[in-house]
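In this note's numbering, the protein residues as written are 139 to 398. A virtual CB, placed ideally from N, CA and C, is assigned to each residue, including glycine. Report on the following structure.
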């Protein structure tokens, strides 16, 4: 069922109940040839876009599960402006939207955090859209930690040196400055910036992004390789079903070869 999501206008000032943590997924319209391009090949552009939709649906549902245990709200931090209807069939009805602003990725993260604080959120977490199996408990832990007394930053490191989540209780601009974005130095440099400004950092479990052939195989191993269907992370049912359909249609050699 399609949902009509409210678009938050940060310029309107506080507009959410007090004491909420925003869990915002950084996302762009999942159009063929524009998303998950490093997965083509082995996927086609259309398959990669569909997989991106599955990732978003699964991550959003994990956030919904997390916010049942923590005082949080799911947000789609989206681009481009004008494509709001794109997320009607992707994000749950409980989500709201806020448009991305800025150019470089670090600037977009900084402005997104600032906009969510301006809208009245007591804490803000920004999440990637590349790691559909991060356990929902990690999101709940981040939100609960940030709603406790005392300033802190929460960081979910990725195995490739980036991070899948950054959370804060107030806007710390320095966390986004002098960072070599899209490199394996991002998480380490972010920790350095936190030390510079003297803010405590809580680390979540390290996880992995799915953004190339090797990590796609790893995702298949995690979601499809267990006979009982159990995984160490979030079950990601939409992603699992899509990958299973592809393999059922043509076998596993293209996306999940036996001898890789």
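Can you pull the DSSP bridge partners for residue i?
i           : result
residue 166 : 217
residue 373 : None, per the DSSP bridge assignment.
residue 295 : 301
residue 212 : 161
residue 242 : Paired residue(s): none; residue 242 is not in a bridge.
residue 236 : 215
residue 282 : DSSP lists no partner for residue 282.
residue 247 : BP columns for residue 247 are empty, so no partner.
For residue i, count neighbouring C-beta atoms within 10 Å of its own C-beta (all shown protein chains included) and say buried if the count is 16 or more, exposed if not.
i           : result
residue 291 : buried
residue 139 : Residue confidence for residue 139 is low, a pLDDT of 45 falling below 50, so the modelled location carries little weight; the figure read from the coordinates is stated next. The residue in question, residue 139, is exposed, as its Cβ has fewer than 16 Cβ neighbours within 10 Å.
residue 341 : exposed
residue 172 : exposed
residue 389 : exposed
residue 396 : exposed
residue 286 : exposed
residue 370 : exposed
residue 391 : exposed
residue 393 : buried
residue 334 : exposed
residue 185 : buried
residue 144 : exposed
residue 276 : buried
residue 218 : exposed
residue 237 : buried
residue 150 : exposed
So, residue i versus residue j, is the Cβ gap smaller than 8 Å?
i           : j           : result
residue 278 : residue 204 : yes
residue 187 : residue 211 : no
residue 264 : residue 304 : yes
residue 156 : residue 257 : no
residue 146 : residue 235 : yes
residue 327 : residue 316 : yes
residue 232 : residue 202 : yes
residue 247 : residue 239 : no
residue 266 : residue 347 : yes
residue 319 : residue 242 : yes
residue 383 : residue 180 : no
residue 324 : residue 300 : yes
residue 177 : residue 361 : no
residue 377 : residue 253 : no
residue 284 : residue 307 : yes
residue 161 : residue 213 : yes
Since residue i and residue j should fall inside the 8 Å C-beta cutoff, what is the C-beta to C-beta distance between them, to a whole number of angstroms?
i           : j           : result
residue 274 : residue 200 : 4 Å
residue 268 : residue 193 : 7 Å
residue 374 : residue 270 : 4 Å
residue 174 : residue 189 : 6 Å
residue 309 : residue 332 : That belief does not hold up - the Cβ atoms of residue 309 and residue 332 are roughly 13 Å apart, past 8 Å.
residue 226 : residue 154 : Contact flag wrong, Cβ pair sits at about 21 Å.
residue 208 : residue 281 : 4 Å
Any heavy atom of the ligand NAP inside 7 Å of the beta-carbon of residue i?
i           : result
residue 170 : With respect to the ligand NAP, the structure shown offers nothing to examine, as it has no ligands at all.
**OP:** Jot down the residue ranges of each uninterrupted beta strand (DSSP E) in the region 304–365, minimum 3 residues, whole runs only, in chain order.
**Re:** 339–341
Original post:
Which whole runs of the alpha helix (DSSP H) in the region 145–207 are 4 residues long or more, in chain order?
Top reply: 183–205
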